[in-house]
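Shown next, in structure tokens, is the structure this report addresses.
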Amino acid sequence: MGIAIAVVAFVGCFCLMSSLPTSDRSIILYIDEDDTADSVYHKLEPQSKPFSFKVLKTLLESKDFGRSVHPGRYEIKPNEMVMFAFNKILKGRQTSVLTTIPTSRTLEQFAKRISVLLDIDKDELYQKLTN
Numbered sequence: 018m019g020i021a022i023a024v025v026a027f028v029g030c031f032c033l034m035s036s037l038p039t040s041d042r043s044i045i046l047y048i049d050e051d052d053t054a055d056s057v058y059h060k061l062e063p064q065s066k067p068f069s070f071k072v073l074k075t076l077l078e079s080k081d082f083g084r085s086v087h088p089g090r091y092e093i094k095p096n097e098m099v100m101f102a103f104n105k106i107l108k109g110r111q112t113s114v115l116t117t118i119p120t121s122r123t124l125e126q127f128a129k130r131i132s133v134l135l136d137i138d139k140d141e142l143y144q145k146l147t148n
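Residues 18 to 148 (this note's numbering) make up the sequence shown, in order.
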């Protein structure tokens with residue numbers, strides 16, 4: 018009985034401690050407001066190791082992930098364990114996005130620079146800034 022418990026504990030630790038990404042690059046996961054659990058799985062699967070993905074999917078399904086999908090940007094680092102990726106996605110711990118706002122002398126210059134960075138219409142942004 019003791020050996021069976023030790024084997025189960027070892028397998029459980031192995032599952033939770035395995036890394037998720039297939040390469041040495043981070044996975045950037047964007048979850049939109051209209052995404053469901055299935056669409057999140059679809060985005061993650063091609064970039065994940067098959068075994069680690071199945072463990073993560075099983076963990077998320079056990080916590081009813083479909084009801085609590087948190088939109089945002091999540092970065093899963095190359096050596097990040099499944100357990101940490103699970104907690105990050107389930108609890109909505111998003112990765113911050115660094116935005117540098119350039120110095121500008123006028124609102125028109127500011128709107129022009131920001132519109133290039135964010136890929137939005139310059140005139141529309143300027144109108145919103147002035148109203």
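Beta carbons: idealized from backbone N, C-alpha and C, even for Gly.
**Asked** How is leucine 146 classed by DSSP in three states: helix, strand or coil?
**Response** It is helical.
**Item:** Beta-carbon proximity check, isoleucine 45 vs valine 57, cutoff 7 Å
**Value:** By the CB criterion at 7 Å, isoleucine 45 and valine 57 fall outside the cutoff.
**Asked** Is it right to say valine 99 is buried, meaning 16 or more other beta carbons lie within 10 angstroms of its own, or is it exposed?
**Response** Counting C-beta atoms within 10 angstroms of its own C-beta, valine 99 has 16 or more neighbours from the protein chains shown and is therefore classed as buried.
**Request:** In the DSSP assignment, find the unbroken alpha helix (DSSP H) run with glutamate 78 in it and report its ends.
**Result:** Bounds of the alpha helix (DSSP H) holding glutamate 78 are 67 to 79.
**Asked** Using the C-alpha atoms, what's the distance from arginine 122 back to valine 91?
**Response** Note that residue 91 is tyrosine in the sequence shown, not valine. Inter-residue distance for tyrosine 91 and arginine 122 is about 34 Å (C-alpha atoms, whole angstroms).
**Prompt:** Which first and last residues belong to the beta strand (DSSP E) in which arginine 90 is found?
**Reply:** Segment 89 to 93, the beta strand (DSSP E) holding arginine 90.
**Prompt:** Roughly how many angstroms separate the alpha carbons of alanine 54 and threonine 75, rounded to a whole number?
**Reply:** Their Cα atoms are separated by approximately 12 Å.
**Asked** The alpha helix (DSSP H) spanning isoleucine 131 covers which residue range?
**Response** Its alpha helix (DSSP H) spans residues 124 to 135.
**Message:** Along the chain, where does the alpha helix (DSSP H) containing leucine 115 start, and where does it finish?
**Reply:** For leucine 115, there is no enclosing alpha helix (DSSP H), as DSSP marks it with neither H nor E.
**Item:** Closest by C-alpha distance to glutamine 64, when choosing among Ile106, Ala102 and Pro38
**Value:** The shortest C-alpha separation from glutamine 64 is found at Pro38.
**Request:** Have a look at phenylalanine 103 and lysine 94 and give me their C-alpha separation to the nearest angstrom.
**Result:** So the two alpha carbons sit approximately 13 Å from each other.
**Asked** Buried or exposed: leucine 146, going by 16 or more other Cβ atoms within 10 Å of its Cβ?
**Response** It counts as exposed.
**Request:** State buried or exposed for valine 133, treating a residue as buried only when at least 16 other CB atoms are found within 10 Å of its CB.
**Result:** With fewer than 16 Cβ atoms within 10 Å of its Cβ, valine 133 is classed as exposed.
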